[in-house]
Amino acid sequence: MLDHPWLVEPDTALALVILLDQAPRNVWRGSNAAFRLDPLAREAAMSMLEAGFDWALPKDRRAFVYLPFSHSEDLEDQALAVLMCEERLGPDSDNTRHARAHMDVIARFGRFPHRNAVLGRTPRPAEQRYLEEGGYAPGSKRPAKTTQGQS
C-alpha cells in the first residue's frame, strides 16, 4: 500500500490519484512518460478503495478513483475497474461502458495496442489490423465499430 500524506481523507486522496493518473497523460501525451506514474496511481487508487474513500465522493468524482485500474494492462485490474464502475457508478454509466471496452481490449490482446508506438513495442499482426480498423478510441463517446467475427 502506498504511504503518502494525501491519502488521509477522500478529497486529498482523490487529488493524488488524479495527479498521478491524469496529469502525466495530458502533460506527456504521445510519449512513454505518459504512463510512467501508472503504478503509483494504481496504488493510490487501491488505498482509496481499501479505506472506503470512494464512497465519500460524489459519483462524478468517484469515477476518477477507478481509472488507474482501467488504464492498467493487467486483466485483474481491468476486472476490478469494471466491477467498481458497475457497482458504484451504475451498470449503464458511460464510465462502465468505457471500462468494459478497455477490459475487452486487454482480454483480447493482453495490452493496449494504441500504446505500442510510444512504448516502443512491435505491434502484433492482430493488433495492427485492429488499429487499422479503428480500434478503440479512448477519447471518443463510444468504442469503434467492430467488423463481423471480431469480439
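Those letters in the sequence shown? Residues 416 to 566, per my numbering, in order.
Idealized CB from N, CA, C, for every residue including glycine.
In the same chain as Met518, and ignoring 5 residues on each side of it, the C-beta atoms closer than 6 angstroms to its own belong to Gln493, Val497, in chain order. Annotation for Asn447: no alpha helix (DSSP H) segment contains it, and DSSP assigns it neither H nor E.
Here the C-alpha atom of Leu435 lies approximately 19 angstroms from the C-alpha atom of Phe527. Three or more Cβ pairs closer than 8 angstroms define a contact, and the segment 419–439 meets that threshold against the segment 449–469. Contact between Ala514 and Tyr481 holds: their C-beta atoms lie close to 7 angstroms from each other, under 8 angstroms. Secondary structure at Arg530: helix, using DSSP grouped into helix, strand and coil.
Collapsing the DSSP output to three states places Asp507 in coil.
In this structure, Met499 is the residue among Leu490, Met499, Ser487 with its C-alpha nearest to the C-alpha of Ala478.
Between the alpha carbons of Leu464 and Asp418 lies a gap of roughly 14 angstroms. Remark: C-beta atoms of Asn447 and Val520 do not approach each other more closely than 7 angstroms. In the three-state scheme derived from DSSP, where H, G and I count as helix and E and B as strand, Ser462 is classed as helix.
Ala541: member of the alpha helix (DSSP H) spanning 540–547, first to last residue. A Cβ-Cβ separation of about 28 angstroms leaves Ala522 out of contact with Leu472 under the 8 angstroms criterion. Rounded to the nearest angstrom, the gap between the Cα atoms of Val442 and Val432 is 15 angstroms.
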